[in-house]
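Asker: Sequence order for the protein chains is A and B.
Read in order, the letters of the first sequence correspond to residues 105 to 353 in the working numbering.
Read in order, the letters of the second sequence correspond to residues 160 to 433 in the working numbering.
We treat Cβ as the ideally placed atom computed from N, Cα and C, and that holds for glycine.
The structure presented is a predicted model; accordingly, all values stated were derived computationally and were not measured.
Pasting in a structure now, in structure tokens, and then I'll have a few things to ask.
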Amino acid sequence: MSGAVYVMWLRQLKRFWRSKPRVIGGLAQPLLFLFALGMGFGPVYAAAGQGDYLQFLIPGIIAMSILFTAMFNGIEVIWDRQFGFLKETLVAPVSRTAIMLGKTLGGATVAVLQGIVVLCLSLLFGYRPASVGSVLLGLVFMTLIALLFASFGIAIASKMRDMHGFQLIMNFLIMPIFFLSGALFPLDGLPKAIGTVTTLDPLTYGVDGLRGALTGLNHYSLLLDLGVMAALVIITTLIGAYLFSKVEL
Amino acid sequence: MDGYRHGAEEEQRTSIVATGLTKRYGPLVAVDNISLSVPAGVVFAFLGPNGAGKSTCIKMFTSLLQPTAGDITLEGIDVAKHPHRARKHFGIVFQDQSLDDELTAYENMEFHAVLYGVPKQERERRIDKALRVVDLEDRRKDLVKTFSGGMKRRLEIARSLVHHPNVLFLDEPTTGLDPQTRRNIWEHIKQLNRERGMTIFLTTHYMEEAEAIADIIAIIDHGRIVAQGTISELKRRTKTKTLEEAFLKLTGKDIREEQASSVDRMRMRRRMHP
Numbered sequence: 105m106s107g108a109v110y111v112m113w114l115r116q117l118k119r120f121w122r123s124k125p126r127v128i129g130g131l132a133q134p135l136l137f138l139f140a141l142g143m144g145f146g147p148v149y150a151a152a153g154q155g156d157y158l159q160f161l162i163p164g165i166i167a168m169s170i171l172f173t174a175m176f177n178g179i180e181v182i183w184d185r186q187f188g189f190l191k192e193t194l195v196a197p198v199s200r201t202a203i204m205l206g207k208t209l210g211g212a213t214v215a216v217l218q219g220i221v222v223l224c225l226s227l228l229f230g231y232r233p234a235s236v237g238s239v240l241l242g243l244v245f246m247t248l249i250a251l252l253f254a255s256f257g258i259a260i261a262s263k264m265r266d267m268h269g270f271q272l273i274m275n276f277l278i279m280p281i282f283f284l285s286g287a288l289f290p291l292d293g294l295p296k297a298i299g300t301v302t303t304l305d306p307l308t309y310g311v312d313g314l315r316g317a318l319t320g321l322n323h324y325s326l327l328l329d330l331g332v333m334a335a336l337v338i339i340t341t342l343i344g345a346y347l348f349s350k351v352e353l
Numbered sequence: 160m161d162g163y164r165h166g167a168e169e170e171q172r173t174s175i176v177a178t179g180l181t182k183r184y185g186p187l188v189a190v191d192n193i194s195l196s197v198p199a200g201v202v203f204a205f206l207g208p209n210g211a212g213k214s215t216c217i218k219m220f221t222s223l224l225q226p227t228a229g230d231i232t233l234e235g236i237d238v239a240k241h242p243h244r245a246r247k248h249f250g251i252v253f254q255d256q257s258l259d260d261e262l263t264a265y266e267n268m269e270f271h272a273v274l275y276g277v278p279k280q281e282r283e284r285r286i287d288k289a290l291r292v293v294d295l296e297d298r299r300k301d302l303v304k305t306f307s308g309g310m311k312r313r314l315e316i317a318r319s320l321v322h323h324p325n326v327l328f329l330d331e332p333t334t335g336l337d338p339q340t341r342r343n344i345w346e347h348i349k350q351l352n353r354e355r356g357m358t359i360f361l362t363t364h365y366m367e368e369a370e371a372i373a374d375i376i377a378i379i380d381h382g383r384i385v386a387q388g389t390i391s392e393l394k395r396r397t398k399t400k401t402l403e404e405a406f407l408k409l410t411g412k413d414i415r416e417e418q419a420s421s422v423d424r425m426r427m428r429r430r431m432h433p
């Protein structure tokens, strides 16, 4: 069991490391967001008396890159199905749960690594972590976000036969999860409709916790963020493991 | 008949036994009450037109698909009840590719060895040995995406040997390969059967290949076995000179493409709206 989890994890890391275009491509988007939104909206944000928008935005952009990378790694199960490798893992004498866990951990590790790179890049944009402790707590939230969406991606991919539905998932799931999470705007004093939606978005709690850890600007309490995220990780992992166990070739 | 050598040595032992095997997809019966028995150490060819139920059967034999009814025993193990135990005893080369292109040949093999619980200290030796069997030892460090179709096939065969299975399933192992590669692959397979006494269960559309390598043939059509026996028995029964003629006489000359694809479409529809 542990051997299977380990090789699935290792495979994910090797694939990530070898696909340099993907690593670089994955960094272009956060950089663009930090540059365009961070610098573009900075003056308006400051004029509204909210302070430094870049400081506010950086945790949101880290969360974004983790969300995209983790989801993508989970959804990669569909590639494995299309290119045949899934059969090799499904016919092996190991439990589906081990395969699913290995894949989730691998995807999450890759996503956290990507998040750490964005965190380092944000130093260029003037971010200065308050303490080692705040970065460590930030890593806890980054890991939770990564685990949540890696297992969520696998759950979705288990129900898909091919990549035709990918655009649908991108536009109707990943984008709304990102834009409605408070990654880009403060949650205080929102109109009721969008306020309600943000409370239903799982990423809201991840972003809020990460922002609280890194900059001290949180909307909910860190304990609530931690609790909600941990519970969601357990739920999506269980659902993902169940759906993956039902995959037929 | 030379191919029966191993069968004679181990007269009582059967490798694969299926009884009353049935698979239904809603109203569609893909496999209809099939029973067959494969003696240990023989080369068994499972032939049939497109959509006849070959792949469905292989999926059930290899525990990837639950039969609607019937039992399968592989090397004395009930496949449905103990899939993980059964999986350690067979290797499989799927109809289409199942390698990770982004990993090297060695990494693909190592991945397999870990999944099948091959002890760490044995892995390297077994992998190198299997790569030598298919003449790929000098390509062990190359990424699989740089391999030709034939090399990928050989690598898949090598990979399926790493956990020392007693039975090897080969689902159309030579489809889409040039004649040189096809011959080369069959020679490797024959060698495995002869030297290790491995039971080989294969499907192919090339009748002359089946005729050259198989000890026993079963022909499946519309989900049922229409004939079973040695090649000479089948020829005698159908009063034909070649296996291909016997096959056409038993399964008719209608082209199955349309029917097969409508079955496939039905399966697709079921998949999309489960």
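Determine the chain A residues that contact B:Lys-247 at a beta-carbon separation under 7 Å, and present them in chain order.
Answerer: As a working mapping, residue 247 of chain B is identified with position 88 in the second sequence. Those within 7 Å of B:Lys-247 in chain A are Pro-197.
Asker: For B:Ala-371, which option in B:Arg-342, B:Lys-218 and B:His-381 has the closest C-alpha, if you only look at C-alpha atoms?
Answerer: Translated into positions along the second sequence, residue 371 of chain B becomes position 212. Nearest option by C-alpha distance: B:Arg-342.
Asker: Just mark A:Asn-275 as buried or exposed, buried being the case when its beta carbon has 16 or more other beta carbons within 10 Å.
Answerer: Walking along the first sequence from the start, residue 275 of chain A turns up at place 171. Counting Cβ neighbours within 10 Å, A:Asn-275 comes out exposed, since fewer than 16 surround it.
Asker: Under 8 Å, Cβ to Cβ, is there at least one residue of chain A near B:Lys-218?
Answerer: Along the second sequence, read from residue 1 onward, the residue named residue 218 of chain B stands at position 59. It does: the Cβ of B:Lys-218 has a partner Cβ on chain A nearer than 8 Å.
Asker: Under 8 Å between C-beta atoms, does B:His-243 make it to chain A?
Answerer: As a first step, residue 243 of chain B must be located in the second sequence, where it is residue number 84. By this cut-off, B:His-243 is an interface position.
Asker: Would A:Gly-211 count as contacting chain B if we go by Cβ distances under 8 Å?
Answerer: Taking the first sequence and counting its residues from 1, the one referred to as residue 211 of chain A is at position 107. No, because no Cβ of chain B sits closer than 8 Å to the Cβ of A:Gly-211.
Asker: If we cut at 8 Å on Cβ distances, does A:Thr-193 have a partner in chain B?
Answerer: Taking the first sequence and counting its residues from 1, one reaches residue 193 of chain A at position 89. It does; some Cβ of chain B falls within 8 Å.
Asker: With a threshold of 16 other CB atoms inside 10 Å of the CB of A:Phe-189, please say whether the residue is buried or exposed.
Answerer: Taking the first sequence and counting its residues from 1, the one referred to as residue 189 of chain A is at position 85. Buried is the call here.
Asker: On the DSSP bridge list, what partners appear for B:Tyr-184?
Answerer: Position 25 of the second sequence holds residue 184 of chain B. In DSSP, B:Tyr-184 forms a bridge with B:Leu-187.
Asker: In angstroms with no decimal places, state the Cα-to-Cα distance between B:Pro-433 and B:Pro-186.
Answerer: The residue given as residue 433 of chain B occupies position 274 in the second sequence. The residue given as residue 186 of chain B occupies position 27 in the second sequence. Residue placement at B:Pro-433 cannot be trusted, given a pLDDT of 40 that sits under 50; the coordinates are not used to answer.
Asker: Using beta-carbon positions only, say whether A:Met-267 and A:Ile-343 come within less than 8 Å of one another.
Answerer: As a first step, residue 267 of chain A must be located in the first sequence, where it is residue number 163. As a first step, residue 343 of chain A must be located in the first sequence, where it is residue number 239. No. Outside cutoff.
Asker: Whose C-beta lies closer than 6 Å to the C-beta of B:Leu-351 among residues of the same chain, with five residues either side of it excluded?
Answerer: Here residue 351 of chain B corresponds to residue number 192 of the second sequence, with the count starting at 1. Around B:Leu-351: Met-357.
Asker: Does the distance from the C-beta atom of A:Ala-254 to that of A:Ala-202 stay below 8 Å?
Answerer: Counting from one through the first sequence, the residue named residue 254 of chain A turns up at place 150. Counting from one through the first sequence, the residue named residue 202 of chain A turns up at place 98. Not closer than 8 Å, so no.
Asker: Mark A:Met-236 as exposed unless 16 or more other C-beta atoms lie within 10 angstroms of its C-beta, in which case mark it buried.
Answerer: For the purposes of this step, residue 236 of chain A is taken as the residue at position 132 of the first sequence. The question names Met, but residue 236 of chain A in the sequence shown is Val. Answer is exposed; the Cβ neighbour count stays below 16.
Asker: Is it buried or exposed, A:Gln-159, if we count other Cβ atoms within 10 angstroms and call 16 or more buried?
Answerer: The sequence position of residue 159 of chain A within the first sequence is 55, counting from 1. Answer is buried; the Cβ neighbour count reaches 16.
Asker: What do you get for B:Gln-256, buried or exposed, if any count of 16 or more other CB atoms within 10 angstroms of its CB means buried?
Answerer: Counted from its first residue, the second sequence places residue 256 of chain B at position 97. Classification for B:Gln-256: buried.
Asker: How about A:Met-168 and A:Phe-137: are their beta carbons less than 8 Å apart?
Answerer: Within the first sequence, the letter at position 64 stands for residue 168 of chain A. Within the first sequence, the letter at position 33 stands for residue 137 of chain A. Closer than 8 Å, so yes.
Asker: When you compare only the Cα positions, how much space is there between B:Arg-284 and B:Ser-222?
Answerer: Looking up residue 284 of chain B in the second sequence gives position 125. Looking up residue 222 of chain B in the second sequence gives position 63. About 29 Å.
Asker: With the cut-off set at 8 Å, would you say B:Lys-247 and B:Tyr-265 are in Cβ contact?
Answerer: Reading the second sequence from its first residue, position 88 is the one you call residue 247 of chain B. Reading the second sequence from its first residue, position 106 is the one you call residue 265 of chain B. Going by C-beta atoms, B:Lys-247 is not nearer than 8 Å to B:Tyr-265.
Asker: According to DSSP, simplified to helix, strand and coil, what is B:Ser-174?
Answerer: Here residue 174 of chain B is taken as the residue at index 15 of the second sequence, counted from 1. In the structure shown, B:Ser-174 sits in a strand (DSSP, three-state: E or B).
Asker: Given a cut-off of 8 Å on the beta-carbon distance, is the pair B:Leu-327 and B:Ile-359 in contact?
Answerer: In the second sequence, the residue the question calls residue 327 of chain B occupies position 168. In the second sequence, the residue the question calls residue 359 of chain B occupies position 200. Between B:Leu-327 and B:Ile-359, the gap from beta carbon to beta carbon is short of 8 Å.
Asker: With a threshold of 8 Å between beta carbons, is A:Arg-185 in contact with chain B?
Answerer: For the purposes of this step, residue 185 of chain A is identified with residue 81 of the first sequence, where counting begins at 1. No, no contact with chain B.
Asker: Looking only at DSSP bridge pairs, what is B:Ile-231 linked to?
Answerer: For the purposes of this step, residue 231 of chain B is taken as residue 72 along the second sequence, with counting starting at 1. Residue pairing by DSSP puts B:Ile-231 in a beta bridge opposite B:Ala-177.
Asker: Buried or exposed for B:Lys-311, going by 16 or more other Cβ atoms inside 10 Å?
Answerer: Here residue 311 of chain B refers to the residue found at position 152 when the second sequence is read from its first residue. Buried.
Asker: Can at least three beta-carbon pairs, one atom from the stretch 197–205 of chain B and one from the stretch 334–343 of chain A, be found at a separation below 8 Å?
Answerer: no
Asker: Starting from the beta carbon of A:Glu-352, find every residue of chain B whose beta carbon is closer than 8 Å, and list them in chain order.
Answerer: Within the first sequence, the letter at position 248 stands for residue 352 of chain A. Under the 8 Å cutoff, chain B gives Leu-223 and Leu-224.
Asker: Residues in its own chain within less than 6 Å of A:Gly-316 by CB, not counting five upstream and five downstream?
Answerer: Counting from 1 along the first sequence, the entry for residue 316 of chain A is found at position 212. Counting only Cβ-Cβ distances below 6 Å, and skipping sequence neighbours, we find Asn-322 and Leu-326.
Asker: Taking 8 Å as the CB-CB limit, is A:Val-111 close to chain B?
Answerer: Here residue 111 of chain A refers to the residue found at position 7 when the first sequence is read from its first residue. Yes, contact with chain B.
Asker: Three-state secondary structure (DSSP) at B:Pro-278?
Answerer: Looking up residue 278 of chain B in the second sequence gives position 119. Note: B:Pro-278 maps to coil in three-state DSSP.
Asker: Spell out whether any CB of chain B is found under 8 Å from the CB atom of A:Gly-129.
Answerer: Stepping through the first sequence from its first residue, residue 129 of chain A is reached at position 25. No, A:Gly-129 does not count as interfacial toward chain B.
Asker: Three or more C-beta pairs closer than 8 Å, one from the stretch 312–325 of chain B and one from the stretch 285–304 of chain B: is that the case here?
Answerer: yes
Asker: Any beta carbon from chain A within less than 8 Å of B:Leu-320's own beta carbon?
Answerer: For the purposes of this step, residue 320 of chain B is identified with residue 161 of the second sequence, where counting begins at 1. For B:Leu-320, the closest Cβ of chain A is not nearer than 8 Å.
Asker: Could you tell me whether the Cβ atoms of A:Met-175 and A:Gly-257 are closer together than 8 Å?
Answerer: What you label residue 175 of chain A is simply residue 71 of the first sequence in a count that begins at 1. What you label residue 257 of chain A is simply residue 153 of the first sequence in a count that begins at 1. Contact: yes.
Asker: Check the Cβ of B:Val-273 against every Cβ in chain C and list those closer than 8 Å, keeping chain order.
Answerer: This model lacks chain C altogether; the protein chains it does include are A and B.
Asker: How would you call B:Trp-345, buried or exposed, if buried means at least 16 neighbouring beta carbons within 10 angstroms?
Answerer: As a working mapping, residue 345 of chain B is identified with position 186 in the second sequence. Classification for B:Trp-345: buried.
Asker: Under 6 Å Cβ to Cβ from B:Ala-377, same chain only, skipping five residues before and after it: list those, please.
Answerer: By 1-based counting over the second sequence, the position of residue 377 of chain B is 218. Within the same chain, B:Ala-377 has close Cβ partners Leu-195, Phe-205, Ile-384 and Gln-387.
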